[in-house]
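Trainee: Please see the structure below; I have some questions.
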Amino acid sequence: MGVLIILFIVGGTIFIYFNARIICKINLSASFATISIIFKVFKNEHDFYRKVFYAEILRSTPDRYSSYVNLRSKRYYPYLKHLRKIARFFMVKNISLYPECIGSYSSFAVEFMVVNNIIKRPLINK
Numbered sequence: 004m005g006v007l008i009i010l011f012i013v014g015g016t017i018f019i020y021f022n023a024r025i026i027c028k029i030n031l032s033a034s035f036a037t038i039s040i041i042f043k044v045f046k047n048e049h050d051f052y053r054k055v056f057y058a059e060i061l062r063s064t065p066d067r068y069s070s071y072v073n074l075r076s077k078r079y080y081p082y083l084k085h086l087r088k089i090a091r092f093f094m095v096k097n098i099s100l101y102p103e104c105i106g107s108y109s110s111f112a113v114e115f116m117v118v119n120n121i122i123k124r125p126l127i128n129k
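The opening residue of the sequence shown carries number 4 in the working numbering; numbering runs sequentially from there.
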């Protein structure tokens, strides 16, 4: 019984002070798209950067693969209900749309932030 109380207190404290932030930036230009994601959990920060060329996607996707994608994606539908439950704890903030220049290419940038939706209050009132 004592172990359950300790787990409850520690788990509740972690849940109250849990801090997650995802900063996403998507640049769309005529020939490529760049995606940069900064993922912060507690004090750890992870950066992901990916540059995707549209021509490579079209070359690597044969016609026979398009019917297979539809069949493969349907088996993941039951897991969407679990994703909706997790999504209640997060919200999208600071959506920005603006033109930008990457190198010599003009592009359109979409930037937004996903943060946790848990209200942080002090445990002891002042």
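Glycine is no exception: its CB is placed at the ideal position from the N, C-alpha and C atoms.
Treat the numbers as computed from the prediction; the structure is a model and nothing was measured.
Quick check on this structure: which residue in TYR52, SER109, ASN119, ALA58 has the alpha carbon closest to the alpha carbon of ILE89?
Mentor: As a first step, residue 89 is located in the sequence shown; it is residue number 86 there, counting from the start. Out of TYR52, SER109, ASN119, ALA58, ASN119 has the C-alpha closest to the C-alpha of ILE89.
Trainee: Exposed or buried, SER110, counting other C-beta atoms within 10 Å across all chains shown (16 or more means buried)?
Mentor: Against the sequence shown, residue 110 aligns to sequence position 107. By the neighbour-count rule (16 or more Cβ atoms within 10 Å), SER110 is buried.
Trainee: With distance defined between alpha-carbon atoms, name the residue in ALA58, HIS85, ILE40, LEU61 nearest to PHE51.
Mentor: Within the sequence shown, residue 51 is the residue found at index 48, counting from 1. Closest by alpha carbon: ILE40.
Trainee: Indicate the three-state DSSP secondary structure (helix, strand or coil) for ALA36 in the structure shown.
Mentor: Locating residue 36 in the sequence shown gives position 33, where the first residue counts as 1. If DSSP states are grouped into helix, strand and coil, ALA36 belongs with the strands.
Trainee: According to the neighbour-count rule (16 or more other Cβ atoms, all chains shown, within 10 Å of its Cβ), is ASN30 buried or exposed?
Mentor: What you label residue 30 is simply residue 27 of the sequence shown in a count that begins at 1. Its Cβ being crowded by 16 or more others within 10 Å, ASN30 is buried.
Trainee: Quick one: grab the DSSP three-state call for SER107.
Mentor: Along the sequence shown, read from residue 1 onward, the residue named residue 107 stands at position 104. SER107: coil per DSSP, three-state reduction.
Trainee: For PRO102, which residues from the same chain have a beta carbon less than 8 Å from its beta carbon, with the 5 sequence-adjacent residues on both sides left out?
Mentor: Taking the first residue of the sequence shown as 1, we reach residue 102 at position 99. SER109, SER110, PHE111, ALA112, listed in sequence order.
Trainee: Tell me the rounded alpha-carbon separation between PHE35 and ALA58.
Mentor: Against the sequence shown, residue 35 aligns to sequence position 32. Against the sequence shown, residue 58 aligns to sequence position 55. Their backbone Cα atoms lie some 8 Å apart in a straight line.
Trainee: Can you tell me which of ASN97, PRO81, ARG24, VAL117 puts its alpha carbon nearest to the alpha carbon of VAL1?
Mentor: Given a span of 4 to 129 for the chain in the structure shown, any question on residue 1 remains unanswerable.
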